[in-house]
Every structure is written in structure tokens, then in C-alpha cells.
Amino acid sequence: VRVHFLITGPGIAPNSTFDFPATNVDLAPTLLGMAGLDPPAGMDGKSFLPLLVTPPPPAAPKLPLSVQRHLDSYPLHQVHAEWRSQVFFEHYYVGLGGYCGADSPIELPDNNFIAVRSIGGGAVGADSLTTRSPLGNLLYAEFQHGTDGNVDFATPAHFELFDLDTDPWQLNNTYAAASDALKATLHQQVQEWLRCRERSCA
Numbered sequence: 052v053r054v055h056f057l058i059t060g061p062g063i064a065p066n067s068t069f070d071f072p073a074t075n076v077d078l079a080p081t082l083l084g085m086a087g088l089d090p091p092a093g094m095d096g097k098s099f100l101p102l103l104v105t106p107p108p109p110a111a112p113k114l115p116l117s118v119q120r121h122l123d124s125y126p127l128h129q130v131h132a133e134w135r136s137q138v139f140f141e142h143y144y145v146g147l148g149g150y151c152g153a154d155s156p157i158e159l160p161d162n163n164f165i166a167v168r169s170i171g172g173g174a175v176g177a178d179s180l181t182t183r184s185p186l187g188n189l190l191y192a193e194f195q196h197g198t199d200g201n202v203d204f205a206t207p208a209h210f211e212l213f214d215l216d217t218d219p220w221q222l223n224n225t226y227a228a229a230s231d232a233l234k235a236t237l238h239q240q241v242q243e244w245l246r247c248r249e250r251s252c253a
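In this note's numbering, the protein residues as written are 52 to 253.
So this is what it looks like as C-alpha cells:
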């Protein structure tokens, strides 16, 4: 899942990009880092500011103290070592509310899912300090029926597994042919992602 996002800030060179998987929960810690503020204890996500900031040359103006403080407290080698190799996403029924009603296609009983995208391949990052998921380039999802209350995914009814190297359009569900060990690993991972909080989320 890739969504374009543009950001500008002190120390971020024009046209800067990074290869590490990030999500919307990383935005608030990143913006707080620009202001030199630490994320509150209950906040999910990680700052990706160190992945974007280019150290200024000696003759250039120094970075604002707020940015430099954040970079000093979260050095690049630590960011590389701790960054995730998977992305979690979810959609499920959460009871009655003023948003999508039961007559909306997005609220159909079979449209409750949790999924984890494993980013496979070789090393990522300029100094190769971070390696990608050993599981490969996979998308795994669990589905559970329900519109009568909060869906908790304790009893998934359907599973999907796609190899995105050979099947980028996700036409061939390989879950039935996968090994029991791989199924167990992916099930454990996606359930841990569902229930993680704050810094316990990779």
C-alpha cells in the first residue's frame, strides 16, 4: 500500500526520499520531533525525521536546536536498527456509530480484516544497517464475519496469502499451500500487531 505524501522542513533536502516502510501513525512523532518535543507515552508510531534530514555542510546554517535535539536523541544508526520490516493495516466493524452504516458496502459482514505486509528483499538504507523481512515480499490477511458488535478476530473465517514478487496483483491466494510453520508465524504476527500499543508496536 503506497500513498503519496509530501513534507518540507528544516534539514530536509528537496526531492529527499527513503525506502523504509512508514505509515500515518508515524506522522505525529515526526512532526513533534521537528519541534523538539518527545511523543507522549500513549502515542503509537515512530519519528522518521532522521531518515529525511541531511546533515548541513560546515558553511551552511545549522539546523534549528529543536531538530538537532531530536536527531541527537534518536541517532540514525538506532533508527536503522529498530525500524520495522512490516506494515499492519486493518478494517473492521466497531459497533453502531454515525459513520458508515450497515447499508454501506464498506460495512459488509465479510469486509472485516487485519493484514500485515512483509517487505522482503535485500538490505535497505544507505549503510545497509537494516535488512528486510526474512519472510519475503508477502501480504497476509485474516477475515472475520460480523456486524453485531466489535470484531476481535479471535475466530478468523478466511485467510489470504500473496507472494507479491510473483503475484503483484494478488490474484493467486497461496494460503492453502503454505507450510504450517509459515501460517503459524504470520498468524502470530498479525495478532500481535492488532493488540500492540505505543512503543511495543514495531
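Built from N, CA and C at the ideal position, the CB exists for glycine as well.
Taking the alpha-carbon positions, what's the residue i to residue j distance?
| i | j | result |
| --- | --- | --- |
| L116 | A235 | 47 Å |
| G197 | S98 | 35 Å |
| A132 | D218 | 29 Å |
| H55 | W134 | 20 Å |
Helix, strand or coil for residue i? Go by DSSP, reduced to three states.
| i | result |
| --- | --- |
| Q240 | helix |
| N163 | coil |
| A232 | helix |
| H142 | strand |
| H209 | strand |
| D77 | helix |
| L245 | helix |
| H121 | helix |
| Q129 | helix |
Measure the beta-carbon distance from residue i to residue j and round it to whole angstroms, keeping in mind my assumption that it falls under 8 Å.
| i | j | result |
| --- | --- | --- |
| D77 | E249 | Not confirmed; about 13 Å, so no contact. |
| Q137 | Q240 | 7 Å |
Please classify residue i as buried or exposed, where buried requires at least 16 neighbouring CB atoms within 10 angstroms.
| i | result |
| --- | --- |
| R168 | buried |
| Q129 | exposed |
| F164 | buried |
Residue i and residue j: beta carbons closer than 8 Å?
| i | j | result |
| --- | --- | --- |
| N224 | E211 | yes |
| T74 | L100 | no |
| F139 | W244 | yes |
If you measure from the beta carbon of residue i to each beta carbon in chain C, is any gap under 8 Å?
| i | result |
| --- | --- |
| D95 | Looking for chain C here will not work: only one protein chain is present. |
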